[in-house]
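Participant:
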């Protein structure tokens, strides 16, 4: 049985950086761009509001606040909702993700008020499905005052104590944070998720901090491998040097033995005392040779130990890499299978689904941005000024206040077509191109007539 994830964090300023991340105006490194189109917006913005930042400002302006919002005052609270990765994948496989999203939105609106949840986005392009919700902490409870302020309020204030005000501290008090964890776990228990360990010292690690730690561990491992390789090379050089010294000492030993034999022969003949001296020197040299041989053996043992450690570490890294590669491949295959199933169902349930995808590509090719394309896909008319690109004629047409709209193709009800001023786009482009060609040809014809007259 997995655990729920319910994380709240205060924002500062306009929080435009988080808005860009949630709305995918910037591409995070841990997101799969091929699955970004699966992300969903779970809260519709009011008319005239197009971004999360605008939605926060709109709520502050329409909440009926009587106090001016301070420059450093918390205007919004980020909420991240998810569960253990394996359990979230299980919910997806059981096709209960839509139900999970609905229950999450019910919990948010029941806990914080529908008007205060200004945005909620489901992300499916990362490893685990999760929801990014934005809460504007508008409360109507009475503000805590000091005794003197309370007395002054009794004397001079006649306003209602339940008027709305902005207060993030009240929403995120210690008692309420514990209550959120309990109630959210109860709401998610039907999906096999439970509350985290109460009193645990584990802390939430942000995405950027997680990747910084992973990079630091990777750099440390690379540095360790490099150091082991350097030590291996150094030890190998010491071994070669020791072998050369041993070989030299052995040659010296052979020469000394020969000299001793000669000396013994000479001593036997002449009875000289130098023979005993040469014997002592010979014993000393043999001891030095034995010491060097022990040093060489120790170095060889050290090299073998280091090679074994290096092989074990390298094998561990290879095994870990192979496991991660296998897991990523399986995860990718599962997600591709899920994506194909979703597309198949969407095509069956919504006959215009493929046509809407095609029209989205057409709109982007022509020159419409994301917001304009979204308006057109919904079937709404769009007033547009700017450039329209014709792929057929390989040119751009400047337009001023034309009306663009996507409608059903009158010749084939199963298809959609883009109209400019109620004219199909291809026909509209041909007309524009013909006018440009006529405008270009007239000066040439006049010049030819003038030359004919002169001749």
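Residue numbers (our numbering): 8 to 462.
Glycine included, C-beta positions come from ideal geometry on N, C-alpha and C.
On the premise that residue 203 lies in contact with residue 10, defined as a C-beta separation below 8 Å, what is that separation, rounded to the nearest angstrom?
Facilitator: The pair is a contact, with the Cβ atoms about 5 Å apart (cut-off 8 Å).
Participant: Which whole-angstrom value describes the C-beta separation of residue 174 and residue 144, a residue pair presumed to lie in contact below a C-beta threshold of 8 Å?
Facilitator: The pair is a contact, with the Cβ atoms about 6 Å apart (cut-off 8 Å).
Participant: Looking at residue 396 and residue 373, is the spacing between their C-beta atoms short of 8 Å?
Facilitator: Yes, they are a contact pair.
Participant: Is residue 132 buried or exposed, if buried means 16 or more other CB atoms sit within 10 Å of its CB?
Facilitator: Buried, by the Cβ-count rule.
Participant: Around the C-beta of residue 122, are 16 or more other C-beta atoms found within 10 angstroms, so that it is buried, or is it exposed?
Facilitator: Flag for residue 122 reads exposed.
Participant: In whole angstroms, what is the alpha-carbon distance linking residue 119 and residue 147?
Facilitator: For residue 119 and residue 147, the distance between alpha carbons rounds to 12 Å.
Participant: How would you call residue 375, buried or exposed, if buried means at least 16 neighbouring beta carbons within 10 angstroms?
Facilitator: When all chains shown are included, residue 375 counts as buried.
Participant: Please classify residue 33 as buried or exposed, where buried requires at least 16 neighbouring CB atoms within 10 angstroms.
Facilitator: It is exposed - the Cβ of residue 33 has fewer than 16 other Cβ atoms within 10 Å.
Participant: Apart from the five residues on each side of it in sequence, which residues of its chain come closer than 8 Å, Cβ to Cβ, to residue 40?
Facilitator: Taken in chain order, the residues that qualify are 34, 132.
Participant: Give the list of continuous beta strand (DSSP E) stretches no shorter than 3 residues that lie fully inside the stretch 72 to 143.
Facilitator: Runs of the beta strand (DSSP E) inside the stretch 72 to 143: 84 to 90, 124 to 130, 137 to 142.
Participant: Ignoring anything shorter than 3 residues or poking outside the stretch 378 to 458, list the beta strand (DSSP E) runs there in chain order.
Facilitator: Complete beta strand (DSSP E) runs here, min 3: 389 to 397, 402 to 416, 419 to 427.
Participant: With 16 other CB atoms within 10 Å as the buried threshold, where does residue 342 fall?
Facilitator: Classification for residue 342: buried.
Participant: Could you spell out where the alpha helix (DSSP H) holding residue 360 opens and where it closes?
Facilitator: First-last of the alpha helix (DSSP H) with residue 360: 360 to 373.
Participant: Return the first residue and the last residue of the alpha helix (DSSP H) that residue 65 is part of.
Facilitator: First-last of the alpha helix (DSSP H) with residue 65: 59 to 69.
Participant: Where residue 344 and residue 96 are concerned, what is the direct C-alpha to C-alpha distance, given to the nearest angstrom?
Facilitator: Their Cα atoms are separated by approximately 13 Å.
Participant: Would residue 448 be called buried (16 or more neighbouring beta carbons within 10 Å of its own) or exposed?
Facilitator: Looking at its Cβ environment, which holds fewer than 16 other Cβ atoms inside 10 Å, residue 448 is exposed.
Participant: Mapping the DSSP letters down to three states, classify residue 13 as helix, strand or coil.
Facilitator: Correct three-state label for residue 13: strand.
Participant: Who pairs with residue 47 in a beta bridge, going by DSSP?
Facilitator: Answer by DSSP bridge pairing, in chain order: 129.
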